[in-house]
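So the sequence shown is residues 1 to 191, counted in UniProt numbering.
For every residue, glycine included, the Cβ atom is placed at its ideal position computed from N, Cα and C.
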Amino acid sequence: MESRNITSPNQHVFREGRSIDTAIHSLINRIKDAKRISKHVLVPSIDIKGALENLQHQAIINSIIRKGAPDNIVQIFISPLRNRLVAIQTPRSKVSKEQGKGCPQGSCSGPALWNLVANDILTQHWTAKVFIQAFTDDFGLVIYSNVLSKLKLETQQALHKLKDCTQSNKLQVSPEKTNYILIWKTVASIR
1 MESRNITSPN QHVFREGRSI DTAIHSLINR IKDAKRISKH VLVPSIDIKG ALENLQHQAI
61 INSIIRKGAP DNIVQIFISP LRNRLVAIQT PRSKVSKEQG KGCPQGSCSG PALWNLVAND
121 ILTQHWTAKV FIQAFTDDFG LVIYSNVLSK LKLETQQALH KLKDCTQSNK LQVSPEKTNY
181 ILIWKTVASI R
């Protein structure tokens, strides 16, 4: 992904030269830019519940194929995801079930697989008044407008789009870990 330059610059984890520091710096700069040109800024932070554990194999496969990866690369990533079974010995018999979600534990590819799916969300067409970035299983947005009612509408549209993206990948938002900050300018300057 890196060599083909198809990773969003707004993805700040599991990438060379990116970290929590670059994520915070980027978010603060976007907030400052939005505050300079707008009266109202909303910054929601959306957490994905158990992102690596709940990442659907089909979402990973679809993402790899959409990126136009060569067949041999597709097979390298698909192979560890296929025919994975979870087995447990019960008093009566051995029971097994095919596992269709989760990144292989301890694998080097797990973070890259998450980035593939997160990148699909980041590279959606977002309106000019919406900035989105990711760090691990959190998506941070900066949404702004001069009119509070328009900020509400922009926010609803952005969150609806994010919800569609997460649902299409069978990911769940963690409401208890989701937060927001509302920033606004005063009408008159303080003297």
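Residue i and residue j closer than 7 Å at C-beta
i, j, result
"Asn146", "Ser45", "no"
"Leu182", "Ile48", "no"
"Gly100", "His57", "yes"
"Leu122", "Ile60", "no"
"Lys185", "Lys39", "yes"
"Ile169", "Val117", "For the sequence presented, residue 169 should be read as Asn rather than Ile. Yes, the pair counts as a contact, with Cβ atoms nearer than the cut-off."
"Glu154", "Lys177", "no"
"Phe135", "Ala23", "yes"
Own chain partners of residue i with C-beta closer than 8 Å, once the 5 adjacent residues on each side are dropped
i, result
"Ser26", "Asn10, His12 and Gln133"
"Thr7", "Met1, Arg15, Asn115 and Asn119"
"Ser107", "Pro80"
"Ile37", "Tyr144"
Boundaries (first-last residue) of the beta strand (DSSP E) holding residue i
i, result
"Ala134", "Val130 to Phe135"
"Ser145", "Asp138 to Ser145"
"residue 205", "The first residue shown for the chain is 1 and the last is 191, placing residue 205 beyond what the model contains."
Beta-ladder partner(s) of residue i, from DSSP
i, result
"Gln11", "Ala134"
"Leu42", "Ile143 and Leu182"
"Val117", "None, per the DSSP bridge assignment."
Other residues of its chain near residue i: CB distance less than 6 Å, five sequence neighbours each side excluded
i, result
"Val95", "Ile88"
"Val142", "Arg30, Ile31, Ala34, Val43 and Phe131"
"Gly102", "Glu53"
"Arg84", "Gln99"
The alpha helix (DSSP H) enclosing residue i, as first and last residue numbers
i, result
"Ser26", "Ile20 to Ile37"
"Lys161", "Leu148 to Ser168"
7 Å Cβ shell around residue i - same chain, five flanking residues per side excluded
i, result
"Val74", "Ile64 and Ile65"
"Asp137", "Asp47, Ile48 and Ala51"
Contact with chain C by residue i, beta-carbon distance below 7 Å
i, result
"Ser26", "The chain inventory of the structure shown lacks chain C, comprising one protein chain alone."
Inside the stretch 45-113 only - alpha helix (DSSP H) runs reaching at least 4 residues: 51-54, 57-66 and 71-78
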